[in-house]
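Input: a single structure, listed below in structure tokens.
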Amino acid sequence: MALSLESIVERRLLINYRLDPALARRLLPSPFRPQLVRGEAVAGICLIRLGSLRPTGLPQRIGWRAENSAHRIAVEWDGQAGPESGVFILQRHSGSWLPVLAGGRLFPGVHQHANFKVSEKDSHFKVQMSSRQARIKTEVALGGTWRSELFSSPEEASQFFQQGCTGWSPARQTGRFEDMKLQTDRWRTEPGEVLELRSSFFEALPTAAVALDSALVMRHVPVSWSAPEALPVG
Numbered sequence: 000m001a002l003s004l005e006s007i008v009e010r011r012l013l014i015n016y017r018l019d020p021a022l023a024r025r026l027l028p029s030p031f032r033p034q035l036v037r038g039e040a041v042a043g044i045c046l047i048r049l050g051s052l053r054p055t056g057l058p059q060r061i062g063w064r065a066e067n068s069a070h071r072i073a074v075e076w077d078g079q080a081g082p083e084s085g086v087f088i089l090q091r092h093s094g095s096w097l098p099v100l101a102g103g104r105l106f107p108g109v110h111q112h113a114n115f116k117v118s119e120k121d122s123h124f125k126v127q128m129s130s131r132q133a134r135i136k137t138e139v140a141l142g143g144t145w146r147s148e149l150f151s152s153p154e155e156a157s158q159f160f161q162q163g164c165t166g167w168s169p170a171r172q173t174g175r176f177e178d179m180k181l182q183t184d185r186w187r188t189e190p191g192e193v194l195e196l197r198s199s200f201f202e203a204l205p206t207a208a209v210a211l212d213s214a215l216v217m218r219h220v221p222v223s224w225s226a227p228e229a230l231p232v233g
């Protein structure tokens, strides 16, 4: 059985895109389908720094810190009790070798290794990620005018992602998927303004099919990660 984990989300940038539903369907494997908001699929980049990451029940002092990134699409699938929602993670990267070596073995989440450069000052965040598979460069500031076409307010966007906290991704075994659920009783996000963004993954998609929509920032939130036992069957 996979380990459950605890950590502190020191910083999390959720950068959201509007994606053409037909393209989203082509990117997703069965049994997943895009979760639509106002007729659009919701895709994005998660840039997260975890602190005190450790197996559940162990003291914080033995935890480790990791910069991670994920390219994801909000999805639905048919669970045992009806439709469920979460995200499908197309790519995971980490600046720490531990998730690269142990992900998909000791705990869900196969990661590729990447180099991260991070600069943070109060309410200003600059993150660069480079790997053999993808590159990201972004600058995000707290606040700004909310201009999302997907979500009427930062609160609506935050609730959407809080309700879809189960992340599915390909397992090491071909044709199988594994899930990891983020849980916290202190969910809190703030609106962000994207000042700069380059993403090799999204820039490789047809320009008419994808558009930057919005950003949320999460800081200093304790979370746990668990692996539900049920797997969807394609």
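Oh and the sequence shown: position 128 is 127 in numbering that gives the first Met the number 0, straight run, nothing missing. Here a beta-carbon is modelled for each residue, glycine too, at the ideal position from N, C-alpha and C.
- Around the Cβ of THR206, a 10 Å sphere holds fewer than 16 other Cβ atoms; the residue is exposed.
- Cβ-Cβ separation between ALA23 and ALA40: approximately 4 Å, consistent with a contact (criterion under 8 Å).
- For PRO20, the three-state secondary structure derived from DSSP is helix.
- A distance below 8 Å between beta-carbons, with the five flanking residues on each side excluded, links ARG146 to the following residues of its chain, in chain order: SER213.
- DSSP places TRP96 within a helical segment (H, G or I) once states are collapsed to three.
- Beta-bridge partners of PHE159 (DSSP): none assigned.
- Within the DSSP secondary-structure output, SER6 pairs in a beta bridge with VAL222.
- About 15 Å separates the beta carbon of LEU194 from that of ASN15, a gap too long to meet the 8 Å contact definition.
- Classified as exposed, GLN59 has fewer than 16 neighbouring CB atoms from the shown chains inside 10 Å of its CB.
- ARG10 places its beta carbon less than 8 Å from that of ARG218.
- Going by DSSP, GLU66 is part of the beta strand (DSSP E) stretching over 63-78.
- Separation of THR188 and ARG48 (C-alpha to C-alpha, rounded to the nearest whole angstrom) is 15 Å.
- Restricting attention to LEU141, GLY78, VAL209, HIS70, the CA atom closest to the CA of GLN111 is found in HIS70.
- Here the C-alpha atom of ALA113 lies approximately 9 Å from the C-alpha atom of SER68.
- When the Cα atoms are used, SER168 and HIS123 turn out to be separated by approximately 30 Å.
- For SER118 and GLN79, the gap between their C-alpha atoms comes out near 44 Å.
- A Cβ-Cβ separation of about 14 Å leaves LEU215 out of contact with VAL126 under the 8 Å criterion.
- Shown here for LEU27: same chain residues with a beta carbon closer than 8 Å to its own, the five before and five after excluded, namely PRO33, ILE72, VAL74, PHE87 in chain order.
- Per the coordinates, the alpha-carbon of MET128 lies some 27 Å from the alpha-carbon of GLN158.
- For GLU195, the enclosing beta strand (DSSP E) stretches over residues 189-198.
- In the same chain as PRO82, and ignoring 5 residues on each side of it, the C-beta atoms closer than 6 Å to its own belong to GLU75, in chain order.
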